[in-house]
Amino acid sequence: MKATKISGCDESECPAVYATDEPGVVLAQGIPVAGVDGVHLGPGEMAVKLPLSVLRDAVAHLEGAGS
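Here the sequence shown is numbered in the numbering used here, starting from 29 and rising by one per residue.
Right, here's the structure in full:
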């Protein structure tokens with residue numbers, strides 16, 4: 029899998045969203061969270077915190093790219 033950062037800071041270790049070469053698939057990088065009421069994770073899954081601004085930027089980028 030290949031990924032390209034589409035939102036987030038320029039540093040390597042910060043919340044970010046990446047587009048991938050798999051159709052319809054993106055990756056999120058953020059601070060892992062656990063034990064959040066209402067979130068039920070499956071085996072091998074992890075929830076991460078993302079600033080809303082990073083998510084908005086990613087959606088705007090993807091909409092502009094026609095994805």
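Backbone N, C-alpha and C fix where the C-beta goes; we use that ideal spot for every residue, glycine too. Only a predicted model underlies this, so the values are computations on that prediction, with no experimental measurement involved.
Q) What does DSSP give as the partner residues of Ile59 in its beta bridges? A) As a working note, residue 59 is residue 31 in the sequence shown. Residue pairing by DSSP places Ile59 opposite Lys77 in a beta bridge.
Q | Cβ neighbour criterion (16 or more within 10 Å) applied to Ser35 | A | Along the sequence shown, read from residue 1 onward, the residue named residue 35 stands at position 7. Note on Ser35: 16 or more other CB atoms within 10 angstroms of its CB, so buried under the neighbour-count rule.
Q) Going by Cα to Cα distance, which pick from Val61, Ala75, Pro71 and Ala93 is closest to Leu55? A) By 1-based counting over the sequence shown, the position of residue 55 is 27. Comparing Cα-Cα distances from Leu55 to each of Val61, Ala75, Pro71 and Ala93, the minimum goes to Ala75.
(Q) For Val67, which residues in the same chain have their Cβ closer than 7 angstroms to its Cβ, ignoring the five residues on either side in sequence? (A) Position 39 of the sequence shown holds residue 67. If we look at Val67 and ignore the five residues flanking it on each side, its Cβ neighbours are Ala75.
**Q.** Close beta carbons around Ser40, own chain, < 6 angstroms, minus the five adjacent residues each side
**A.** Numbered from 1 along the sequence shown, position 12 holds the residue referred to as residue 40. Correct list: empty, nothing qualifies.
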